[in-house]
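Q: My questions all concern the structure below.
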């Protein structure tokens, strides 16, 4: 009986483990250069903006470089014009598109410069970059002013929070002063009486001697 129960338990455990392996989702792996390159070519040839954005969200430098290196000249021009449109926009997609544009210009600069339409696209990109960089100086000045302002506010708050050492002033009571003065007068009176008694004793001793 014990052996049968043990065998049943082992069978149940095997079924459970196999069931869990079937239900567990497959581990997600980062896209390879080949897969991104295939998707990128499909997006460019079908003019599929959504698929192109999915490719641009890949930010691995090696994947980007390898994917762009496999493009033919016509795909290079299509990607350049697509990136030009995207870079005119703002937001996170702009940050994702910049590494792709940089790698594209580094690897295919000769082919891009040989096409007149590419020169127009590059001129447009240059003007756009210049206009956005021109705002950096004023933004930097504003940032510096804000830093100085907040530093002053922080110093003022620190001065206010510092503990102030209290000054203790002792005001003696008038009754204590009167008692001390009375004590001094009593001491002086007793000293005078002692002096008078001393003189009288001296005079008395002189009279007896005569």
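In the UniProt record's numbering, the protein residues as written are 1 to 210.
Cβ atoms here follow ideal geometry from the backbone N, Cα and C, with glycine treated the same way.
What you are looking at is a predicted structure, and each value in this text was computed from that prediction instead of being measured.
1) Please say whether residue 67 and residue 36 have beta carbons closer to each other than 8 Å?
2) At the level of alpha carbons, what is the spacing between residue 136 and residue 130?
3) Could you check whether residue 100 and residue 77 sit closer than 8 Å to each other, using their CB atoms as the reference points?
4) Please report the Cβ distance between residue 94 and residue 44, rounded to the nearest whole angstrom; I am assuming they are in contact, meaning their Cβ atoms lie under 8 Å.
5) Between the C-alpha atoms of residue 69 and residue 147, what's the straight-line distance to the nearest angstrom?
6) Note the first and the last residue of the continuous alpha helix (DSSP H) segment covering residue 118.
7) Output yes or no for whether 8 Å exceeds the beta carbon distance between residue 86 and residue 97.
8) Put residue 71 into one of helix, strand or coil per three-state DSSP.
A: In this structure, then:
1) yes
2) 10 Å
3) no
4) Between residue 44 and residue 94 the Cβ distance is about 19 Å, and since that is not below 8 Å, they are no contact.
5) 45 Å
6) 116-133
7) yes
8) coil
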